[in-house]
Every structure is written in structure tokens, then in C-alpha cells.
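Notes follow once the structure below has been shown.
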Amino acid sequence: MTRPDAALTTSSARPAAGTLDLAGVGYVAGRALLTDVTVSFAPGQVTAVSGPSGSGKTTLLSVAGGLLQPSSGTATYDGTPTWRGTGDPRPEIAFVLQVYGLVPILSARENVSIALRARGVRPAEADEAADAALGELHISDLGDRQVEELSGGQLQRVACARALVVRPPVLLADEPTSELDPVTRSVVMQLFRAEAERGAVVVVATHDPEVIDLCDVHHRVDEGRLVGDAWAF
1 MTRPDAALTT SSARPAAGTL DLAGVGYVAG RALLTDVTVS FAPGQVTAVS GPSGSGKTTL
61 LSVAGGLLQP SSGTATYDGT PTWRGTGDPR PEIAFVLQVY GLVPILSARE NVSIALRARG
121 VRPAEADEAA DAALGELHIS DLGDRQVEEL SGGQLQRVAC ARALVVRPPV LLADEPTSEL
181 DPVTRSVVMQ LFRAEAERGA VVVVATHDPE VIDLCDVHHR VDEGRLVGDA WAF
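Heads up, the sequence shown is in my numbering, so the first residue is 1 and it goes up one at a time.
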């Protein structure tokens, strides 16, 4: 699966424009959850971050995307810190959260639409785009359903649609396929691939070896540290 001749190396050089960079990042919350993590996520690639449960994958994505402030080191996108002091991500960054992060009292369509409305898109246009995004995930028939009525796999697809609909420069997805059947998993990864091909930074935290095989680059995390080399496929 991995090719030793394709090993990637980290560098202290100035990152290229459009990269998502962590430099010497540590994060402590009672104990060290991340320690001295230095990694660059390039645009145009789908990058996998794998590791056992509790290894630090979710924390790494949260710090990278500006949901958490690093205890040490820096997290930047295109040279600008991702942490803005509020815990809200920059508008360039969209998340697929492992806990979905959807509003229970809203419909599937409304949960997707609000991501666009928050970025200034008119309601009618946002709703139309939301329906299209749900259709890409093969759940257009669920648009009027409240998300509290949906199954775990359906919630996961709505969360993916919400992130994809804004066409973000940075897409960070935390276990986005864990509750999906193989066919739907393939659909999600194809959509992530399309985002990378248009130039987005796409990072997927996963424990699924089949998802890893569909990515371009693979980093492993264990006990809050990057372990081994990163490989390109």
C-alpha cells in the first residue's frame, strides 16, 4: 500500500501559499493530547490522518481548523493563524465533525442551507444549493425531515453535504465514513476527491484502511505524536 520511495518530508521553510500548516503544535487539556506536531497539508491532495482511538486525530483537526487554540506552536492557513480567539473556524475552513454538529430542530435542508446563509448567500439560493448537495449524497428525499429523525448514516451524509456545499478552500473531515456502507463511502470519497481537484486542502481523519487507500498522502498519529514517515500513494 505504501511506497518507501514516495516518502514526504517536513520542512522549516516558508510554506507555499494555500497550505494548512502546523509547526511544533502541542495541545494540553489535563494531559498532553498533541506533542510537537509539525505537518503541512497541501492543496490538491486528499490526506489521510490515521491512528487508534484516543491517538489525537480529532484534536489535531480541531487545532488545525481553528476550533482549539494550540497550547504551543502555530497552526496557519496560507500564513495566517487559524485560531481567531473565538473557537469559530475561519470562513475558508469547513468541518465534517464526528459528532455531526447539526441542529436537531432543523430539517436536513435547513442544516445545509445555513452554512451558505452564514456566508451571505440569499435564502432561496442557499436552499437550492442545499438540495443539490443532498442530492449528491443520494438523500434529496430527506430534505424536509428533521435531523433528529434520521439514522446515524443519514446524519453523517447531511454533515458531509453541509461542508461540501460551501466549496471551502479547506475541508477537514473527522471519521466521515464510519457509519456508511461501501457504496456511500465511495460516493463521499469521490466528492472529497473533486474538492481536492479544484484546489482545496482536504484532510480526512480515519481508521478505515480502505479510506486511506483512496487518499494521496497518509500520516499516522499515536499518543498525540506523528509516528513514522508520511507516504504518498
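All C-beta atoms, glycine included, are put in the ideal place defined by N, C-alpha and C. As the structure is a computational prediction, the values presented were derived from the model and not from experiment.
When the cut-off is 8 angstroms and only beta carbons count, does Gly30 lie next to chain D? Absent from the structure is chain D; it holds one protein chain and no more.
Going along the chain, which residues of its own chain have a beta-carbon closer than 7 angstroms to the beta-carbon of Gln154, five neighbours each way excluded? Your numbering for residue 154 matches position 154 in the sequence shown. These residues qualify, in order along the chain: Ile139, Leu142.
The alpha helix (DSSP H) with Leu289 in it runs from where to where? Nothing can be reported for residue 289, as the shown portion of the chain is limited to 1 through 233.
Counting along the chain, where does the alpha helix (DSSP H) carrying Asp213 start and finish? Within the sequence shown, numbered from 1, the residue matching residue 213 stands at position 213. Asp213 -> alpha helix (DSSP H) spans 209 to 213.
For Asp36 and Arg167, which I take to be in contact (beta-carbon distance under 8 angstroms), what is that distance rounded to the nearest angstrom? The residue you call residue 36 lines up with position 36 of the sequence shown. The residue you call residue 167 lines up with position 167 of the sequence shown. Contact flag wrong, Cβ pair sits at about 33 angstroms.
Ordered list of beta strand (DSSP E) runs contained in the segment 17 to 43, each at least 3 residues: 20 to 28, 32 to 41
Where does Ile114 fall in DSSP's three states? As a working mapping, residue 114 is identified with position 114 in the sequence shown. Helix at Ile114.
Would you decide whether Gln190 is buried or exposed? Buried here means 16 or more other CB atoms lie within 10 Å of its CB. Taking the sequence shown and counting its residues from 1, the one referred to as residue 190 is at position 190. The residue in question, Gln190, is exposed, as its Cβ has fewer than 16 Cβ neighbours within 10 Å.
For Cys215, count neighbouring C-beta atoms within 10 Å of its own C-beta (all shown protein chains included) and say buried if the count is 16 or more, exposed if not. For the purposes of this step, residue 215 is taken as the residue at position 215 of the sequence shown. Buried.
What first and last residue would you give for the beta strand (DSSP E) that runs through Arg220? Position 220 of the sequence shown, counted from the first residue, corresponds to residue 220. That run of the beta strand (DSSP E) goes 217 to 222.
C-beta atoms of Val204 and Ala173 nearer than 8 angstroms: Indexing the sequence shown from 1 puts residue 204 at position 204. Indexing the sequence shown from 1 puts residue 173 at position 173. Going by C-beta atoms, Val204 is nearer than 8 angstroms to Ala173.
Which residue's Cα is closest to the Cα of Glu175: Ala42, Thr19, Gly54? What you label residue 175 is simply residue 175 of the sequence shown in a count that begins at 1. Per the Cα distances, Gly54.
The alpha helix (DSSP H) enclosing Leu61, as first and last residue numbers: By one-based count along the sequence shown, residue 61 stands at place 61. Counting along the chain, the alpha helix (DSSP H) containing Leu61 begins and ends at 57 to 64.
Which of helix, strand or coil does DSSP assign to Gln146? For the purposes of this step, residue 146 is taken as the residue at position 146 of the sequence shown. Gln146 falls in the strand class under three-state DSSP.
For the structure I just gave you, are there three or more beta carbon pairs, one from the segment 18 to 25 and one from the segment 66 to 86, closer than 8 angstroms? Taking 8 angstroms as the limit for Cβ pairs, the verdict is that the segment 66 to 86 does touch the segment 18 to 25.
If you check the beta carbons only, do Ser67 and Pro89 fall under 8 angstroms apart? Locating residue 67 in the sequence shown gives position 67, counting from the first residue. Locating residue 89 in the sequence shown gives position 89, counting from the first residue. First, the amino acid is wrong: residue 67 is Leu here, not Ser. In contact: Leu67 and Pro89 (Cβ atoms closer than 8 angstroms).
Can you give me the Cβ contacts of Val227 inside the same chain, cut-off strictly under 6 angstroms, excluding the 5 residues immediately before and after it? For the purposes of this step, residue 227 is taken as residue 227 along the sequence shown, with counting starting at 1. Result list for Val227: Arg220, in chain order.
Between which two residues does the alpha helix (DSSP H) holding Ser186 run? Counted from its first residue, the sequence shown places residue 186 at position 186. Here the alpha helix (DSSP H) through Ser186 covers 182 to 197.
Measuring CA to CA, which of Asp181, Ala64, Gly44 is closest to Phe201? Residue numbering aside, residue 201 sits at position 201 when the sequence shown is read from its first letter. A small correction: the amino acid at residue 201 is Val; Phe does not occupy that position in the sequence shown. It is Gly44 whose Cα lies nearest to the Cα of Val201.
List the residues that DSSP assigns as beta-bridge partners of Ala94. The residue labelled residue 94 in the question sits at position 94 within the sequence shown. Leu171, per the DSSP bridge assignment.
Roughly how many angstroms separate the alpha carbons of Pro123 and Glu110, rounded to a whole number? Sequence index remark: in the sequence shown, residue 123 carries index 123 (1-based). Sequence index remark: in the sequence shown, residue 110 carries index 110 (1-based). If I take the Cα positions, the gap works out to 10 angstroms.
Given that a residue counts as buried once 16 or more other Cβ atoms are within 10 Å of its Cβ, and exposed if not, what is Gly152? Here residue 152 refers to the residue found at position 152 when the sequence shown is read from its first residue. Gly152 comes out exposed.
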